[in-house]
Amino acid sequence: MSSHGPATPMSAHKSSGLSGEAHVPGDKSISHRSLIFGAMAVGETRVTGLLEGQDVLDTAKAMRSFGADVEKQGDTWVVHGVGVGGFAEPDHVIDCGNSGTGVRLIMGAMATCPIAATFTGDASLNKRPMARVTDPLALFGARSYGRSGGRLPMTIIGAENPVPVTYTTPVPSAQVKSAVLLAGLNAPGQTVVIEREATRDHSERMLAGFGAQIVTEDTDEGHVITLTGQPELKPQTIIVPRDPSSAAFPVCAALITEGSDVLVPNIGLNPTRAGLFYTLQDMGADLTFENMREEGGEPVADLRAKYSPDLKGIEVPAERAASMIDEYPVLSVVAAFAEGKTYMPGVKELRVKESDRIDAMATGLRAAGVDVDEGEDWWTVHGRGFGDVAGGVTVKTHLDHRIAMSFLVMGFATNAPMTVDDSGPISTSFPIFESLMTQLGAKLTQ
Numbered sequence: 001m002s003s004h005g006p007a008t009p010m011s012a013h014k015s016s017g018l019s020g021e022a023h024v025p026g027d028k029s030i031s032h033r034s035l036i037f038g039a040m041a042v043g044e045t046r047v048t049g050l051l052e053g054q055d056v057l058d059t060a061k062a063m064r065s066f067g068a069d070v071e072k073q074g075d076t077w078v079v080h081g082v083g084v085g086g087f088a089e090p091d092h093v094i095d096c097g098n099s100g101t102g103v104r105l106i107m108g109a110m111a112t113c114p115i116a117a118t119f120t121g122d123a124s125l126n127k128r129p130m131a132r133v134t135d136p137l138a139l140f141g142a143r144s145y146g147r148s149g150g151r152l153p154m155t156i157i158g159a160e161n162p163v164p165v166t167y168t169t170p171v172p173s174a175q176v177k178s179a180v181l182l183a184g185l186n187a188p189g190q191t192v193v194i195e196r197e198a199t200r201d202h203s204e205r206m207l208a209g210f211g212a213q214i215v216t217e218d219t220d221e222g223h224v225i226t227l228t229g230q231p232e233l234k235p236q237t238i239i240v241p242r243d244p245s246s247a248a249f250p251v252c253a254a255l256i257t258e259g260s261d262v263l264v265p266n267i268g269l270n271p272t273r274a275g276l277f278y279t280l281q282d283m284g285a286d287l288t289f290e291n292m293r294e295e296g297g298e299p300v301a302d303l304r305a306k307y308s309p310d311l312k313g314i315e316v317p318a319e320r321a322a323s324m325i326d327e328y329p330v331l332s333v334v335a336a337f338a339e340g341k342t343y344m345p346g347v348k349e350l351r352v353k354e355s356d357r358i359d360a361m362a363t364g365l366r367a368a369g370v371d372v373d374e375g376e377d378w379w380t381v382h383g384r385g386f387g388d389v390a391g392g393v394t395v396k397t398h399l400d401h402r403i404a405m406s407f408l409v410m411g412f413a414t415n416a417p418m419t420v421d422d423s424g425p426i427s428t429s430f431p432i433f434e435s436l437m438t439q440l441g442a443k444l445t446q
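Throughout the sequence shown, residue numbering follows UniProt numbering, covering 1 to 446 in sequence.
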């Protein structure tokens with residue numbers, strides 16, 4: 001079982017005047033997909049701006065294990081793919097570390113190849129449910145053998161004679177949708193995924209860019225994606241936009257830290273990913289989009305965030321949840337400093353992330369003096385306003401990078417420092433978090 005090593009606590013102290021440019025890492029979702037789609041193409045795919053966090057590096061190792069040639073040349077990652085259906089059987093266990101995206105997409109990509117592979121991860125990943133992926137993959141003819149509850153370690157035996165499927169996702173999940181589409185690449189005919197609620201569409205956009213025949217439409221049934229199987233994917237040159245989920249942390253830090261003015265350049269604003277920023281604006285945040293443009297088929301802008309002492313609690317539209325599901329932890333931190341309550345419905349997916357993120361955040365917020373109500377599919381943070389959030393506690397991160405970063409951001413504005421029990425998992429998605437925030441003027445200590 002993988003592990004990042006001994007716990008490394010970190011404390012965040014009350015700060016002021018965060019300023020400068022925050023150059024956050026490349027988008028994690030697009031980075032994973034660049035490597036996997038490149039490995040399934042025929043020829044050389046070149047990727048710049050790849051997020052070099054541990055999650056993505058684990059996906060690069062996995063693609064090598066399945067026979068693709070993946071190497072870094074200067075600032076560019078070069079992938080020589082093996083073609084759709086061309087994966088070789090790995091000779092060792094595939095360790096996906098902390099990455100639910102990585103393991104679920106890779107399972108999909110190999111599930112319609114006549115090979116077997118065993119997957120594992122760290123303590124957090126091995127607790128996460130995989131049946132949501134292995135159930136639809138079984139429809140193609142793949143078989144899975146894992147621990148009780150459909151958990152890792154797990155062996156997948158790919159279908160020798162895959163068949164196309166039509167699958168309606170039971171919960172909004174881009175990972176499940178993408179796993180099914182990746183499996184459908186090596187199945188004859190058309191594979192159809194029906195979503196009642198549209199989720200982030202990087203897979204659809206990128207598959208089209210790689211030359212797959214893929215059509216999306218909105219119908220009475222929901223959002224319908226139709227993929228024609230067995231294409232020859234064409235290699236691409238990819239410039240990875242910077243990650244909106246990582247941008248959330250310096251943006252939110254600036255909003256709650258007195259005297260701050262921070263520019264976060266080149267952020268992807270795909271409509272299926274940008275829900276947090278619109279929510280913050282609804283709360284009264286001084287947050288603007290500058291230099292709006294399009295790069296590689298994705299909308300991009302520079303975000304300018306300034307200290308916003310007049311934040312108000314709101315009801316976050318439930319239909320916005322899929323576009324900001326990873327950002328609710330840090331949103332709850334901002335909500336703690338707003339006036340009034342922030343109600344967040346339609347968020348049951350948070351219960352099965354790297355941790356139960358509702359429980360983890362609610363526990364830490366309460367310890368820091370903030371009232372939180374919660375249900376299975378909703379939670380409410382009762383904001384205390386600026387100057388009245390106590391802090392002064394150590395919180396458990398449960399090996400969850402977003403929990404760790406959220407509480408550290410909180411510490412920049414609490415009356416007493418906030419300490420996280422382990423900052424190590426931050427490296428999975430945002431390895432430069434500490435140095436970036438320190439350069440902006442934030443006070444962090446180990």
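No residue lacks a Cβ here, since even glycine has one placed at the ideal position from N, Cα and C.
Residue i - partner residues in DSSP beta bridges
| i | result |
| --- | --- |
| P162 | In DSSP, P162 forms no bridge with anything. |
| G211 | None; G211 has no bridge partner. |
| S19 | D261 |
| Q190 | T228 |
| residue 535 | The requested residue 535 is not part of the displayed model; the chain covers only 1 to 446. |
| V79 | T45, V70 |
| L444 | A12 |
| T419 | S11, T394 |
| G268 | V300 |
| E195 | H223 |
| D371 | H382 |
| T168 | I194 |
Residue from the options whose Cα sits closest to the Cα of residue i
| i | options | result |
| --- | --- | --- |
| D400 | W378, A413, G424 | G424 |
| A368 | Y328, D95, V381, H202 | V381 |
| G284 | P309, V300, G121, R293 | P309 |
| S29 | A318, H23, F37 | F37 |
| G375 | G100, G150, Y343, C96 | Y343 |
| V176 | L365, T228, A131, Q213 | A131 |
| E84 | G229, E339, D388 | Inspection of the sequence shows that residue 84 is occupied by Val rather than by Glu. Closest option to V84, Cα to Cα, is G229. |
| residue 449 | V409, E349, A404, E294 | This structure cannot settle anything about residue 449, because the visible part of the chain is limited to 1 through 446. |
| Q281 | V334, T120, V163 | V334 |
| V165 | M154, A187, G150 | A187 |
| T76 | L51, T438, K396 | L51 |
| G268 | H202, S178, E258, T155 | H202 |
| T191 | P172, E294, T168, R200 | T168 |
| P153 | T134, H80, A274 | T134 |
| S99 | G81, P114, P129 | P129 |
| V395 | D220, L137, G364 | G364 |
| T419 | H13, G102, K348 | H13 |
| E298 | T397, G189, P271 | P271 |
| S406 | D95, P170, F433, T112 | F433 |
| D359 | H398, I239, G385, D388 | H398 |
| C96 | L440, A117, A174 | A117 |
| P345 | M361, A322, K72 | A322 |
| V171 | S245, S11, R351 | R351 |
Where the beta strand (DSSP E) through residue i begins and ends
| i | result |
| --- | --- |
| P129 | Looking at the DSSP string, P129 is not in any beta strand (DSSP E), and its letter there is neither H nor E. |
| A12 | 10–13 |
| E294 | 286–295 |
| N301 | Residue 301 is actually Ala in this sequence, not Asn. Looking at the DSSP string, the run of the beta strand (DSSP E) that includes A301 is 298–306. |
Range covered by the alpha helix (DSSP H) that runs through residue i
| i | result |
| --- | --- |
| E434 | 433–440 |
| residue 497 | Outside the displayed range of the chain (1 to 446) lies residue 497, so it cannot be described from this structure. |
| D55 | 54–65 |
| V330 | 328–337 |
| M40 | 28–40 |
| R357 | 357–367 |
| G275 | 275–282 |
| K348 | Note, K348: premise wrong, no alpha helix (DSSP H); not H, not E. |
| G184 | 174–184 |
Distance cut-off 7 angstroms: residue i Cβ against heavy atoms of the ligand ATP
| i | result |
| --- | --- |
| P136 | For the ligand ATP, the structure offers nothing, since it holds no ligand at all. |
Exercise for the section: Mind the definition here: the region 99–112 touches the region 133–145 only if three or more C-beta pairs lie below 8 angstroms; say whether that holds. Expected result: yes
Practice task
Mind listing, in chain order, the continuous alpha helix (DSSP H) runs of no fewer than 4 residues lying wholly within the region 84–158?
Solution key: If only uninterrupted alpha helix (DSSP H) runs of at least 4 residues are considered, those enclosed by the region 84–158 are 100–110, 131–140.
Practice task
Run through the region 201–249 for me and flag every whole alpha helix (DSSP H) of 4 or more residues, listed as ranges in chain order.
Solution key: 202–209
Practice task
Say whether the region 298–305 touches the region 371–379, bearing in mind that this needs 3 or more beta-carbon pairs closer than 8 angstroms, one atom from each stretch.
Solution key: Flag = no, the region 298–305 and the region 371–379 do not touch.
Exercise for the section: For the region 203–211 and the region 244–258, state whether three or more C-beta atom pairs, one from each stretch, are separated by less than 8 angstroms. Expected result: No, because fewer than three Cβ pairs between the region 203–211 and the region 244–258 fall closer than 8 angstroms, the two stretches do not touch.
Handout entry: Every unbroken alpha helix (DSSP H) inside the region 373–410 [4 residues or more]
Key = Qualifying alpha helix (DSSP H) stretches: none in this window.
Handout entry: Sufficient close CB pairs (3 or more, under 8 angstroms) joining the region 11–27 to the region 259–269
Key = yes
Handout entry: Cβ contact check for the region 58–72 and the region 223–233: 3 or more pairs under 8 angstroms
Key = The answer is no - the region 223–233 does not touch the region 58–72, with fewer than three Cβ pairs under 8 angstroms.
Handout entry: the region 123–135 / the region 189–206 touching (three or more Cβ pairs under 8 angstroms)
Key = no
Practice task
Report yes or no: do the region 312–320 and the region 348–368 share at least 3 C-beta pairs separated by less than 8 angstroms?
Solution key: no
Handout entry: Three CB pairs or more closer than 8 angstroms across the region 408–427 and the region 215–229
Key = no
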